[in-house]
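Residue 130 in the working numbering sits at position 130 of the sequence shown; the count goes up by one each step and never skips. Ideal Cβ positions, reconstructed from N, Cα and C, are used throughout, including at glycine. As the structure is a computational prediction, the values presented were derived from the model and not from experiment. One structure below.
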Amino acid sequence: MGRKHLLFLAIGILSFYISGFLFGILSKTGIGIHGLDAVYFMLFTYVVLLAIGLIVSKERSFGFILKAFAISFAAMFLISVAFFAWGAYEHANARWIDAHRLQTTPDIFVIITNDELNQYPALKEAVKNQGGVKVKPDEWERTADFLDRKGSRVIKVDEMYYEVGFVLA
């Protein structure tokens with residue numbers, strides 16, 4: 001593979017990362033790009049970089065332009081597919097445990113001792129932070145089973161009452 005081909009391989013790789021960097025800058029300024037617009041923006045960034053690469057390479061033959069397009073687009077496409085597949089995998093396995101403090105005493109609740117709470121670190125963190133905690137699927141299931149065996153998802157810890165929720169992505 002020649003230097004010019006490596007240039008277009010780099011353009012394909014960089015177009016994904018540069019468009020992501022530009023997304024970050026635009027997000028900080030309050031301009032949000034979401035959904036299909038993000039894909040269009042990445043393709044626009046790719047076309048601009050491809051045009052710059054063709055100008056720099058000084059190659060004008062149709063065969064070379066076609067090869068340059070194929071190499072750079074394949075690199076960008078494969079990185080994009082890998083990134084989105086990883087994101088889908090992470091999203092499919094995402095689990096949260098929520099614990100929100102109640103202001104009133106509920107009718108039905110179970111008492112959780114500090115020793116029991118220490119055995120379930122995700123539940124302990126959710127109670128401590130009074131919010132959602134991202135957990136691994138096995139910890140999520142183990143904690144849900146524990147509260148189901150206790151008989152309620154409303155718990156009392158140190159004179160405070162919490163409603164515990166289990167969220168799937």
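Please report the distance separating the alpha-carbon of residue i from that of residue j.
i	j	result
V47	A88	27 Å
L36	A75	20 Å
G30	L123	35 Å
R149	F21	48 Å
D138	V157	23 Å
I108	S80	49 Å
R153	F146	10 Å
H34	N129	30 Å
N142	W86	Per the sequence presented here, residue 142 reads as Arg, with Asn not at that position. Approximately 25 Å between the Cα atoms of the pair.
A126	M42	38 Å
L117	V110	12 Å
N114	Q103	21 Å
L6	Y40	25 Å
I112	I155	6 Å
D98	I18	36 Å
G53	A68	9 Å
T45	G24	14 Å
Note the first and the last residue of the continuous alpha helix (DSSP H) segment covering residue i.
i	result
H5	R3 to K28
K124	P121 to N129
K134	Per DSSP, K134 belongs to no alpha helix (DSSP H); it is in the beta strand (DSSP E), G132 to V135.
What is the residue span of the beta strand (DSSP E) that residue i lies within?
i	result
L102	Element bounds for L102: n/a, residue is neither H nor E.
K58	Element bounds for K58: n/a, residue is neither H nor E.
With the cut-off set at 9 Å, would you say residue i and residue j are in Cβ contact?
i	j	result
S57	K4	yes
R95	F166	yes
V71	F16	First, the amino acid is wrong: residue 71 is Ile here, not Val. No, these two residues do not count as a Cβ contact at 9 Å.
F77	G12	yes
A169	A82	no
Could you tell me which residues DSSP puts in a beta bridge with residue i?
i	result
M160	V157
I71	Paired residue(s): none; I71 is not in a bridge.
F166	I97
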